[in-house]
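Numbering (this note's numbering), first residue to last: 21 to 523.
Structure below.
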């Protein structure tokens, strides 16, 4: 008992510190147990969240969507989109039936050419005897028809066709009485006319095929593609005519000169053109005298400079083995489309979603270079959109007549407009361009790159099902897959859209 009393007396003196120590130990113990429990609960909750997130994100890679209501709604949206696409396709095809009309060359000519539409689906290259339905007389008469059409198109825009059609190069020896009454409103360069004639309506590789040894008679495929070019050229002339509506002379015309028109493979831009399109400076060229050669510009006497326009290309040197469709059309990335690829798609029994657009329409590129009043550029673009057929403008470039507006000095420090003036007198061309700038101060040279569409016939539902492989139950040749096989009543275009989305 004495020892216990001694212990209690000593404990009373230090009991505060003992109690503090015990409280601290108990608090630490409770904190450790609570934090361990919270950490365990946090890890469990984080694991559950990550698991749910993984499950949700994995749904995006599943096709069809496992949610039945979502799948049904997406199917309804796809069906609606397919119906709209089909209706738009039918409308475009119906519109072009009234635009793309063939001339009545002979009693049987129209039926013959219509039997070859669409061209790449009904023909091969080279043509078989059964496909070569146009006689030599049909083709010769068509060539003569084209010659007259080119002169009529020039007259539509109040321009002069200065190339004699029977030879393709020689100028017309004497103007007609009607052409002498008034100056043309639009100056169409001789180089551009020569280029159009040589590249699209002359076939030197066929020389000697016709009744006369000098004839360059088109073959059947040449006739088919030449008519497409003629339709496009007609549309471009109508655009120029509509833009110049109300013009009575060149002075109040919005478009004053045609510098070049390129259709098909000649219109596809090369690397140089693409580089120039990104440049912030006007595209000009200068000679040793310091003046800029703005070839094709309108001069004060109403004539047009022809330097640099036209010219020969490898198209004029085509052999009989060249397919006229090769590189004529472009794909969805606006790159030249090989004719073999186009014919393969058009004649295929089944199509992939990536190639489906080729079955809808062919895309012909055009490039048109004009000299016009820059205040009416928007009118030109509007007429391109309103044209029939529509010219879908994809690229637009504008070049100022820099040499005519700002004459430069040469022989000095290398910067335009600085240094010691040249001691030589200005050339006559420079004086003409300076006068042109004063007469038409708002004139610029513009270049329009666009696409013209040729729509193929809309297939029936049964044909479309076969084309897109719907009747097989699988797009992978034979194995049945219930998830990928649509119902028999499913719309073919809707199935095509679904397959493209899934891929």
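Ideal Cβ placement from N, Cα and C applies to all residues, glycine included.
These figures come from a predicted structure and were not determined experimentally.
Taking the C-beta atoms as reference points, residue 409 is found nearer than 7 angstroms to residue 472. Residue 118 is bridged by DSSP to nothing; it lacks a bridge partner. Counting only the Cα atoms, residue 97 lies some 11 angstroms from residue 90. Residue 389 sits close to residue 279, with the two beta carbons spaced by under 7 angstroms.
For residue 260, the enclosing alpha helix (DSSP H) starts and ends at 240-263. Cβ neighbours of residue 124 within its own chain (closer than 7 angstroms, five residues either side excluded): 130. Annotation: residue 343 to residue 203 spans about 41 angstroms, alpha carbon to alpha carbon. Residue 111 places its beta carbon 7 angstroms or farther from that of residue 262.
Per DSSP, residue 266 is not a residue of any beta strand (DSSP E), being assigned neither H nor E. Residue 376 carries a helical assignment under DSSP once its states are collapsed to helix, strand and coil.
By the Cβ test, the region 163-171 is in contact with the region 234-254, since at least three Cβ pairs between them sit closer than 8 angstroms. Within a 10 Å sphere around the beta-carbon of residue 348 sit 16 or more other beta-carbons, which makes this residue buried.
Going by beta carbons, residue 385 and residue 287 fall inside the 7 angstroms limit. Exclusion of the five residues before and after residue 258 leaves 407 as the residues of its chain whose Cβ lies within less than 7 angstroms of its Cβ. About 6 angstroms separates the Cβ atoms of residue 156 and residue 237, confirming a contact at the 8 angstroms cut-off. Taking all protein chains shown into account, residue 352 has fewer than 16 neighbouring C-beta atoms within 10 Å of its C-beta and is therefore exposed.
When DSSP states are grouped into helix, strand and coil, residue 180 belongs to the coil group. Residue 133 places its beta carbon 7 angstroms or farther from that of residue 178. Taken through DSSP and simplified to helix, strand or coil, residue 51 comes out as helix. In the DSSP assignment, residue 482 falls within the alpha helix (DSSP H) that extends over 481-487. Counting only the Cα atoms, residue 99 lies some 14 angstroms from residue 108. If only uninterrupted alpha helix (DSSP H) runs of at least 4 residues are considered, those enclosed by the region 334-418 are 359-366, 376-380, 397-406.
Ranked by how close their Cα comes to the Cα of residue 284, the residues 239, 260, 267, 215 have 215 in first place.
With at least 16 other beta carbons inside 10 angstroms of its own, residue 239 counts as buried. Counting the other Cβ atoms within 10 Å of the Cβ of residue 27 gives fewer than 16, which makes it exposed. About 7 angstroms separates the CB atoms of residue 466 and residue 417; that is less than 8 angstroms, so the two are in contact.
For residue 142, the enclosing alpha helix (DSSP H) begins and ends at 139-142.
In this structure, residue 476 sits near residue 138, with a CB-CB distance shorter than 7 angstroms. At a Cβ-Cβ threshold of 7 angstroms, residue 366 and residue 104 do not count as neighbours. Looking at the DSSP output, residue 466 sits in a beta bridge with 390, 418. DSSP places residue 145 outside both helix and strand once states are collapsed to three, so it counts as coil. Annotation: residue 287 is outside any alpha helix (DSSP H) and is labelled neither H nor E by DSSP. DSSP places residue 280 in the uninterrupted beta strand (DSSP E) bounded by 275-283. Contact annotation: residue 462 and residue 251 have beta-carbon atoms that are not nearer than 7 angstroms. When the beta-carbon positions are compared, residue 387 and residue 282 come within less than 7 angstroms of each other. In this structure, residue 213 keeps its C-beta atom at 7 angstroms or more from the C-beta atom of residue 260.
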